[in-house]
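A.B. asks:
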Amino acid sequence: MARGVDPVQTLTLLKGDWHNGYDPSETRVAPLATPLATHLLHAVGVAHAARLRGEDTVVMAICGDGATSEGDFHEALNFAAVFRAPVVFLVQNNGYAISVPLDRQTAAPSLAHKGIGYGVPGERVDGNDVAALLSVLGAAVAGARAGEGPRLIEAHTYRVQAHTNADDAGRYRAADEVTPWLARDPITRMETYLRGRGLIDDDKAAGYAAAADRMAERMRAGLNADTPADYRDLFAHVYAEPTPQLREQQALVADELAREVR
Ligand SMILES: Cc1ncc(C[n+]2csc(CCOP(=O)(O)OP(=O)(O)O)c2C)c(N)n1
Ligand SMILES: [Mg+2]
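Numbering (the working numbering), first residue to last: 41 to 302.
(1) Determine contact between the segment 130-148 and the segment 204-215, defined as no fewer than three beta-carbon pairs at a distance below 8 Å.
(2) For Asp105, is the beta carbon positioned less than 7 Å from some heavy atom of ligand 2?
(3) Counting only the same chain and skipping the five closest in sequence on each side, list residues whose C-beta sits under 6 Å from that of Ala83.
(4) Does the beta-carbon of Asn264, which I'm using as the reference point, lie nearer than 7 Å to any heavy atom of ligand 2?
(5) Verify whether the separation of the beta carbon atoms of Ala70 and Arg91 is less than 8 Å.
(6) How far does the beta strand (DSSP E) with Ala195 in it extend, from its first residue to its last?
(7) Asn205: buried (16+ other C-beta within 10 angstroms of its C-beta) or exposed?
(8) Count the other CB atoms, across all protein chains shown, that sit within 10 Å of the CB of Ala180; report buried if there are 16 or more and exposed otherwise.
(9) Since Gly106 contacts Ala137 with CB under 8 Å, what's their CB separation in whole angstroms?
(10) Is the separation between the beta-carbon of Asp112 and that of Leu80 shorter than 8 Å?
(11) Name the one or two DSSP bridge partners that Glu288 has.
(12) In the DSSP assignment, what residue or residues form a beta bridge with Met259?
(13) Is it a yes or a no for the segment 152-165 touching the segment 216-228, going by three-plus beta-carbon pairs under 8 Å?
(14) Buried or exposed, going by whether 16 or more other CB atoms sit within 10 Å of the CB of Ala89?
(15) To the nearest angstrom, report how far apart Gly104 and Asp266 are at their CA atoms.
(16) How long is the line joining the alpha carbons of Gln201 and Asp295, rounded to whole angstroms?
(17) On the three-state DSSP scale, how would you describe Asn118?
(18) Tell me the start and end of each unbroken beta strand (DSSP E) in the segment 189-253 that is at least 3 residues and wholly inside, in chain order.
(19) If I'm right that Val45 touches Thr67 with Cβ under 8 Å, what's the distance once you round it to whole angstroms?
(20) Going by C-alpha distance, which of Ala246, Thr146 and Gly61 is nearest Met41?
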């Protein structure tokens with residue numbers, strides 16, 4: 041939803057379409073990357089290139105707690121620090137990497153501490169406090185833009201649901217661990233804050249809820265719609281000149297499809 045990217049387009053990849061759904065260079069939002077942490081190196085590369093070109097671009101690179109155990113995370117922090125690349129690393133620490141809890145992920149006092157060895161200032165923030173997060177990220181972006189180099193922000197939160205609908209969280213954590221976090225829901229907290237400041241009332245809150253329902257409905261319709269798929273797309277953009285092996289594989293698929301009983 042950032043920068044005007046349609047949420048339906050953002051999720052296009054996850055419905056099995058090879059298209060990214062939107063143009064990354066137009067929206068300046070990178071495509072989703074399934075392999076954990078590989079995108080952090082891409083982010084550093086983009087930031088470094090922008091700096092060499094004299095642009096004032098700052099790159100926000102987001103990953104989870106589990107991703108901080110990947111080698112790429114460490115290489116990215118190191119390169120960014122040495123070359124003062126304008127990158128803000130935002131780690132969403134929700135306590136779990138699928139079934140692996142944080143204490144099996146790291147022995148570090150916090151994930152923000154991981155910046156110390158690389159010379160990257162680290163900061164922890166309550167990830168369920170939208171205002172605090174905005175303030176900390178805003179300062180980090182301004183610092184990176186001013187040439188102060190990268191920063192590592194650890195936003196502390198909790199994964200209330202299972203990792204996916206193929207995961208049963210009951211197998212590795214107790215239900216009473218989840219309960220206290222329900223009361224810390226960032227949306228409820230934001231609403232409480234805005235009501236307390238007199239910035240929204242029942243009418244406005246109902247209006248936002250209705251708009252959110254409409255958006256969810258539009259997303260369901262968009263994502264459930266069939267995307268026309270042409271098998272030849274699988275082979276089309278791999279090489280400028282397809283290799284003999286690719287041609288052979290394409291012929292094989294064409295043959296299979298021709299013989300498929302419908
Ligand atoms: C290199 C790599 N190894 C394993 C996986 C499988 N995998 C997908 S999500 C995930 C857990 C990620 O945990 P975390 O970084 O904490 O992110 P969260 O799911 O909590 O947002 C794993 C291991 C993967 N996508 N990439
Ligand atoms: Mg996690």
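Ideal placement from N, C-alpha and C gives every residue a C-beta, glycine not left out.
Quick caveat, the model's predicted, so the values are computed rather than measured.
C.D. replies: Let me lay it out:
(1) Cβ pair count under 8 Å is three or more, so yes.
(2) Asp105 Cβ: within cutoff of ligand 2.
(3) Val99, Ala101 and Val127.
(4) Checking every heavy atom of ligand 2 against the Cβ of Asn264, none is found closer than 7 Å.
(5) It is not a contact, given that the beta carbons lie outside the stated cut-off.
(6) Looking at the DSSP string, the run of the beta strand (DSSP E) that includes Ala195 is Arg191 to His196.
(7) Label assigned to Asn205: exposed.
(8) So Ala180 ends up on the buried side.
(9) In this structure Gly106 is in contact with Ala137, their Cβ atoms being roughly 2 Å apart against a cut-off of 8 Å.
(10) Yes, these two residues count as a Cβ contact at 8 Å.
(11) According to DSSP, Glu288 bridges with nothing at all.
(12) Per DSSP, none; premise fails for Met259.
(13) The answer is no - the segment 216-228 does not touch the segment 152-165, with fewer than three Cβ pairs under 8 Å.
(14) Ala89 is classed as exposed because its beta carbon has fewer than 16 other beta carbons within 10 Å across all chains shown.
(15) Roughly 31 Å between the two C-alpha positions.
(16) Straight through space, the alpha carbons of Asp295 and Gln201 are spaced by roughly 44 Å.
(17) Asn118: helix per DSSP, three-state reduction.
(18) Fully enclosed beta strand (DSSP E) runs of 3 or longer: 191-196.
(19) Contact holds; Cβ gap of about 5 Å.
(20) When only C-alpha atoms are compared, the closest one is Gly61.
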